[in-house]
Amino acid sequence: VGSDALPEEQRLVLESARMIREYFLQQNAYHEVDTYTPVEKQYLMLRSIMKFYEMASKALKAGAPLERILSLKSRVELSKVKYEKDYEGVLKEIEEIMKREFSELGVGVEE
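This note's numbering puts the sequence shown at residues 162 to 272.
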């Protein structure tokens, strides 16, 4: 039995764990930027991933389909942050996209 058999809330938890593993924990030793990641960047990346999870969880409870949540542009963009030198600006932009996308899904966004 695969993850497709799980309830959507549990599938969201698994997808969020995969995001943490792939976007945050895995590093590319051959990439100029990803070889070394400053602590501040690590913190901001993890905070953004957790914000995505929190908003996704609210959207799921509000009735948004999981597949729609997982196909959001902000999720794809989060995967690319680890390769960015100007991570602060990129993360701010992604968080704005995230707020807009989840607002469109009918989820209230608090700071």
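Glycine included, C-beta positions come from ideal geometry on N, C-alpha and C.
So, using beta-carbon positions, are residue i and residue j closer together than 9 Å?
| i | j | result |
| --- | --- | --- |
| residue 188 | residue 195 | yes |
| residue 184 | residue 242 | yes |
| residue 225 | residue 266 | yes |
| residue 186 | residue 227 | no |
For residue i, which residues from the same chain have a beta carbon less than 8 Å from its beta carbon, with the 5 sequence-adjacent residues on both sides left out?
| i | result |
| --- | --- |
| residue 248 | 202, 205, 206, 242 |
| residue 252 | 205, 206, 209, 242 |
| residue 229 | 266 |
| residue 181 | 207, 210 |
Count the other C-beta atoms from every protein chain shown that fall within 10 angstroms of the C-beta of residue i, then say buried if there are 16 or more, exposed otherwise.
| i | result |
| --- | --- |
| residue 273 | Within the shown structure, residues of the chain are numbered from 162 to 272, placing residue 273 beyond reach of any answer. |
| residue 216 | buried |
| residue 221 | buried |
| residue 236 | buried |
| residue 259 | buried |
| residue 268 | buried |
Contiguous alpha helix (DSSP H) assignments of at least 4 residues, all confined to the region 233-268: 234-239, 248-265
Whole runs of the alpha helix (DSSP H) within the region 166-214, excluding any shorter than 4 residues: 169-180
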